[in-house]
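Protein chains in written order, with this note's numbering: chain A, 2 to 431; chain B, -12 to 514. Don't be surprised by glycine CBs; every beta carbon is placed ideally from N, CA and C.
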């Protein structure tokens, strides 16, 4: 077992959710330390730690912070807790088990970027995490960790928990900002980037829950201490949401660079009895799928997975066994992306619907052989053509599913039924 | 001032200008829908993709600023194919009802498709059906299924009219334009949304299905609805005028015009105008040709020149004022010229965008000519003169747009006291005919039937040309002045070209007069 308990060291303790329990286990000590540092020192330390955004893009956190203008203009820090990517459930664990860990990380980060106001934008469906966070925020205010003159440092900071709009696209940082502004949750054109013009047209930093939670550990252990885990280009640990056909699905914290096969076979306790590994979606449903052969060579870090034509994404590892039909799975994914497209950019608005229709006509036995190539053509022309990455998120699974499992699609078209599980879908829908 | 290369042409643009603007400056075509120079950039149609040298991914021209030395192209096969595909995305759920669509003939989707499109559609699936004939408000109808979600109309109500009635509802390919709950699209500029709609989704209730656009001719002129003097295009054919649309003028109206201004085509049409000259006195009532009556009135004016006053409204051209006042003062020595100002109290009202309280197009022009001839009369002198019978003959150059003369009844009561009332004007005013004095009505040309100059509220002189002829016998004020002076009018009939030149007509073109109206089109979509 290579699972490490770095960020998640105290997650097994129920008391860690509350201020007293959190403080008993070293909580808010790093905040006191950080408030005695210069903000730029913190930014430099985070930059030196090599911490990369854990929401999906994997961009350098310290770099993102340093894009903010160097002036006293009001700016905002937003925690992106709109965890909506199918297969991803790591932020939920962090919010439920360690809300103060996130809050402490946010206050330190806010101090570093000189923000007096921050928001935690939580997925609308996350009812329980919202309650836990709200309670923790109240506790933090009462204890003087939030509000005016925090711990006598002269630094003021307010934090609000905001319930999201229940739309996948609100997890995209500019869509999230639109939603927080009270507008329809639609991504905004870039440039201007949020660091220059974000929430309420002010400089804004948007970071994922896990990213912000990691900041206090960088303060505690220093950049080099943080780098004891992970690889040179992808330091630190990361939570992976392991789901699908494994014996023990769940959230596992492992160092970046860890073997994907080990995550499945060791942390996940292997495939379900009698089943064989067929494929893995390594980074949330938008990541291109890997075949079993590719999985054997993959490590869980940004570079390795990018080199294999896929991505680490949010760290949602979806394991597919030999009983699963890839056409079925693509049908589920296309239904999701069609439903969640905000409708703003034409290739995504119309393309997601088109892809969904093609896949479902195959599933319903009305498919034509040319539909398989059409899927590729439509997806190709959606990729990289829109304001945000939702269009890519719909296109990439199509391209990888069809190219890597083409024989299943062709069989379905020719025979009008699944190569893997007969005509179950047809029975369900007719 | 960065320099860039657009499809091989070097152009220099202002700092901060976008690639789209550079394309326009270079005169190079580039596909686009959601981009509109009068609105913010939405960047959603994704049609204006282009290659920027050194950039691995295609970028959109509307939201990318030009940088020094940038080399941009839309010529690569990758970009051409990309644009074709985006057009296909636009079309997959768009109905193919072009033959009955009101936008046919001036549809952006058709035009872009012909230039950049893809001729092998690949969509075999069922289209998403959206709503038809949605009543958005008093002026505009929405056919949602045709909408390509460019968001121009939504941005217009947010950014220009600032009335925020419209929004895009639902998500993905279920997205539809609609009014905010509890609101209707009802503002003074609502019909601009129809102008900027690149497809036939938003149509004007007033114009919808009245004419196919290829049966219309157009001509640019200046709106005479108020003192802003918006630059407009009027659309007409032998059946009359049908609509007015704005023409861009940065100094005057930008890209827009108001809904009231769009009504000006109506009072230029026959049914709202005096079509014959009229002479009514104790001996009875007689219809005449305008020129003949004007010539006949020479004696009346001459006889009573000392007892004659002239009332002018701000609805004529500066040239007409000059010749009319000049002729009457020179030929007859008339000194009593008065300005009938219908908007005195609200003269300086302004809605912050285009609409001004002065509902006359050339008040400034009239004032300028009054100054030239040193006319300093007060309205009260006219009232006194009429009451004391010092003024027996009254010549009134009345309004072309009578609907903005709220004081019409009161003024007619005053004019009724004069012995002879010579009424010059194009608007048919029924109340005139029941007045008790000797009445002479000479129909005048409307602003689209003559050329001249209007001076707007800001003192900007705008010359405009003749657009068409609706009533052939009508006169201008200048022509009336010549005839009043007892001179002959030389009508350049031989030089005037007919509206339709037979030799220029294509052999396959259906003649307007032979066309059978399509009853299906006329009935369909009627609210």
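Contact the region -3 to 9 of chain B vs the region 34 to 53 of chain B: 3+ CB pairs below 8 Å: With a cut-off of 8 Å, the region 34 to 53 of chain B and the region -3 to 9 of chain B count as touching, because enough Cβ pairs lie within range.
Nearest-angstrom Cα separation, counted from residue 255 of chain B out to residue 436 of chain B: Position 449 of the second chain, counting from 1, holds the residue named residue 436 of chain B. Position 268 of the second chain, counting from 1, holds the residue named residue 255 of chain B. Annotation: residue 436 of chain B to residue 255 of chain B spans about 9 Å, alpha carbon to alpha carbon.
Which residue's Cα is closest to the Cα of residue 446 of chain B: B:397, B:350 and B:423? In the second chain, the residue the question calls residue 446 of chain B occupies position 459. In terms of CA proximity to residue 446 of chain B, B:350 leads the group B:397, B:350 and B:423.
Which residues in chain B sit within 7 Å of residue 358 of chain A, going by Cβ to Cβ distance? Start at 1 with the first residue of the first chain, and residue 358 of chain A comes out as number 357. Within 7 Å Cβ-Cβ: 112.
Could you work out which residues of chain A lie near residue 32 of chain B, taking near to mean beta carbons separated by less than 7 Å? Position 45 of the second chain, counting from 1, holds the residue named residue 32 of chain B. Going along chain A in sequence order, the residues near residue 32 of chain B (Cβ under 7 Å) are 347.
Closer than 8 Å by beta-carbon distance: list the chain B residues that pair up with residue 386 of chain A, in chain order. Mapped onto the first chain, residue 386 of chain A falls at position 385. Near residue 386 of chain A (Cβ distances below 8 Å), the residues of chain B are 33, 36, 45, 69 and 73.
For the region 421 to 480 of chain B, which segments carrying the alpha helix (DSSP H) assignment without a break, of at least 4 residues, lie completely within its bounds, in sequence order? Complete alpha helix (DSSP H) runs here, min 4: 464 to 471.
Based on DSSP bridge pairs, tell me the residues matched to residue -1 of chain B. The residue you call residue -1 of chain B lines up with position 12 of the second chain. BP columns for residue -1 of chain B point to B:-10.
Which term fits residue 449 of chain B, buried or exposed, when burial requires 16 or more other beta carbons within 10 angstroms of its beta carbon? Walking along the second chain from the start, residue 449 of chain B turns up at place 462. Label assigned to residue 449 of chain B: buried.
Quick check on residue 100 of chain B: does DSSP put it in helix, strand or coil? Here residue 100 of chain B refers to the residue found at position 113 when the second chain is read from its first residue. Helix at residue 100 of chain B.
For a cutoff of 7 Å on Cβ pairs, would you count residue 88 of chain B as touching chain A? Within the second chain, residue 88 of chain B is the residue found at index 101, counting from 1. Chain A, which has no Cβ nearer than 7 Å to the Cβ of residue 88 of chain B, makes this no.
Check the Cβ-Cβ distances between residue 411 of chain A and every residue of chain B, and say whether any is below 7 Å. Position 410 of the first chain, counted from the first residue, corresponds to residue 411 of chain A. Judged by the 7 Å Cβ criterion, residue 411 of chain A is not in contact with chain B.
On the three-state DSSP scale, how would you describe residue 205 of chain A? For the purposes of this step, residue 205 of chain A is taken as the residue at position 204 of the first chain. Three-state result, residue 205 of chain A: strand.
Give a yes or no on whether 7 Å exceeds the smallest Cβ distance from residue 158 of chain B to chain A. To locate residue 158 of chain B, count along the second chain from 1; it is residue 171. Output row for residue 158 of chain B: interface = yes.
For chain B, check one thing: does any of its Cβ atoms lie closer than 7 Å to the Cβ of residue 350 of chain A? Residue mapping note: residue 350 of chain A aligns to position 349 of the first chain, counting from 1. True, the Cβ-Cβ gap to chain B drops below 7 Å.
Can you give me the start and stop residues for the alpha helix (DSSP H) that residue 272 of chain B sits inside? Residue mapping note: residue 272 of chain B aligns to position 285 of the second chain, counting from 1. From DSSP, residue 272 of chain B is part of no alpha helix (DSSP H) but of the beta strand (DSSP E) over 271 to 275.
Is the shortest distance between the beta-carbon of residue 186 of chain A and the beta-carbons of chain B less than 7 Å? Here residue 186 of chain A corresponds to residue number 185 of the first chain, with the count starting at 1. By this cut-off, residue 186 of chain A is not an interface position.
Report the three-state DSSP secondary structure of residue 422 of chain A (helix, strand or coil). For the purposes of this step, residue 422 of chain A is taken as the residue at position 421 of the first chain. If DSSP states are grouped into helix, strand and coil, residue 422 of chain A belongs with coil.
Could you give the distance in angstroms between the alpha-carbon of residue 411 of chain A and the alpha-carbon of residue 284 of chain A? Taking the first chain and counting its residues from 1, the one referred to as residue 411 of chain A is at position 410. Taking the first chain and counting its residues from 1, the one referred to as residue 284 of chain A is at position 283. Each residue's alpha carbon lies about 27 Å from the other.
Would you kindly report the start and end of the unbroken beta strand (DSSP E) that includes residue 325 of chain B? Counted from its first residue, the second chain places residue 325 of chain B at position 338. From DSSP, the beta strand (DSSP E) with residue 325 of chain B extends over 324 to 326.
Do residue 156 of chain B and residue 146 of chain B have their C-beta atoms within less than 7 Å of each other? As a first step, residue 156 of chain B must be located in the second chain, where it is residue number 169. As a first step, residue 146 of chain B must be located in the second chain, where it is residue number 159. Contact flag unset, no.
Partner residues on chain B for residue 343 of chain A, Cβ-Cβ distance less than 9 Å: In the first chain, the residue the question calls residue 343 of chain A occupies position 342. By Cβ distance, chain B contributes 158, 159 and 162.
Does the pairing of the region 228 to 247 of chain B with the region 164 to 172 of chain B give three or more beta-carbon distances under 8 Å? no
Residue 77 of chain B at chain A interface by Cβ criterion, 7 Å: Reading the second chain from its first residue, position 90 is the one you call residue 77 of chain B. Taking Cβ atoms only, chain A reaches closer than 7 Å to residue 77 of chain B, which makes this a yes.
Tell me whether the beta-carbon of residue 213 of chain B lies closer than 7 Å to the beta-carbon of residue 244 of chain B. The sequence position of residue 213 of chain B within the second chain is 226, counting from 1. The sequence position of residue 244 of chain B within the second chain is 257, counting from 1. Not in contact: residue 213 of chain B and residue 244 of chain B (Cβ atoms no closer than 7 Å).
Name the residue from B:108, B:246 and B:238 whose alpha carbon lies nearest to the alpha carbon of residue 176 of chain B. Mapped onto the second chain, residue 176 of chain B falls at position 189. Of the candidates B:108, B:246 and B:238, the one whose C-alpha sits nearest the C-alpha of residue 176 of chain B is B:246.
Step through the CB atoms of chain A and report whether any lies within less than 7 Å of the CB of residue 50 of chain B. Position 63 of the second chain, counted from the start, is the residue given in the question as residue 50 of chain B. So, interface residue.
If you compare alpha carbons, which of A:347, A:315, A:311 and A:374 is closest to residue 87 of chain A? The residue labelled residue 87 of chain A in the question sits at position 86 within the first chain. Closest by alpha carbon: A:315.
CB contact check: residue 190 of chain A to chain B, cutoff 7 Å: Numbered from 1 along the first chain, position 189 holds the residue referred to as residue 190 of chain A. Yes - at least one Cβ of chain B is within 7 Å of the one on residue 190 of chain A.
Return the CA-CA distance between residue 416 of chain A and residue 110 of chain A, expressed in angstroms with no decimal places. Here the question's residue 416 of chain A lines up with position 415 in the first chain. Here the question's residue 110 of chain A lines up with position 109 in the first chain. Distance between the alpha carbons of residue 416 of chain A and residue 110 of chain A is about 57 Å.
Counting only C-beta atoms, is residue 489 of chain B closer than 7 Å to chain A at any point? Within the second chain, residue 489 of chain B is the residue found at index 502, counting from 1. Note that residue 489 of chain B scores 48 on pLDDT, short of 50, meaning its location in the model is unreliable and no value can be drawn from it.
Can you list, in chain order, the residues of its chain with a C-beta nearer than 6 Å to that of residue 488 of chain B? Leave out the 5 residues immediately preceding and following it. Position 501 of the second chain, counting from 1, holds the residue named residue 488 of chain B. A caution first: residue 488 of chain B carries a pLDDT of 47, below 50, which makes its placement in the model unreliable, though a value can still be read off. No residues qualify anywhere along the chain.
Which residues bound the beta strand (DSSP E) around residue 280 of chain A? For the purposes of this step, residue 280 of chain A is taken as residue 279 along the first chain, with counting starting at 1. Element bounds for residue 280 of chain A: 278 to 282.
Let me check understanding here. Comparing Cα to Cα, which of A:51, A:69, A:59 and A:18 lies closest to residue 131 of chain A? Residue 131 of chain A sits at position 130 when you count from the first residue of the first chain. Looking at the Cα atoms, A:18 is the closest of the given residues.
Are there three or more Cβ pairs, one per stretch, closer than 8 Å when the region 405 to 420 of chain B is compared with the region 334 to 348 of chain B? Touching, no.
In whole angstroms, give me the CA-to-CA distance for residue 13 of chain A and residue 20 of chain A. As a position in the first chain, residue 13 of chain A is number 12, starting the count at 1. As a position in the first chain, residue 20 of chain A is number 19, starting the count at 1. When rounded, the distance between both Cα atoms is 15 Å.
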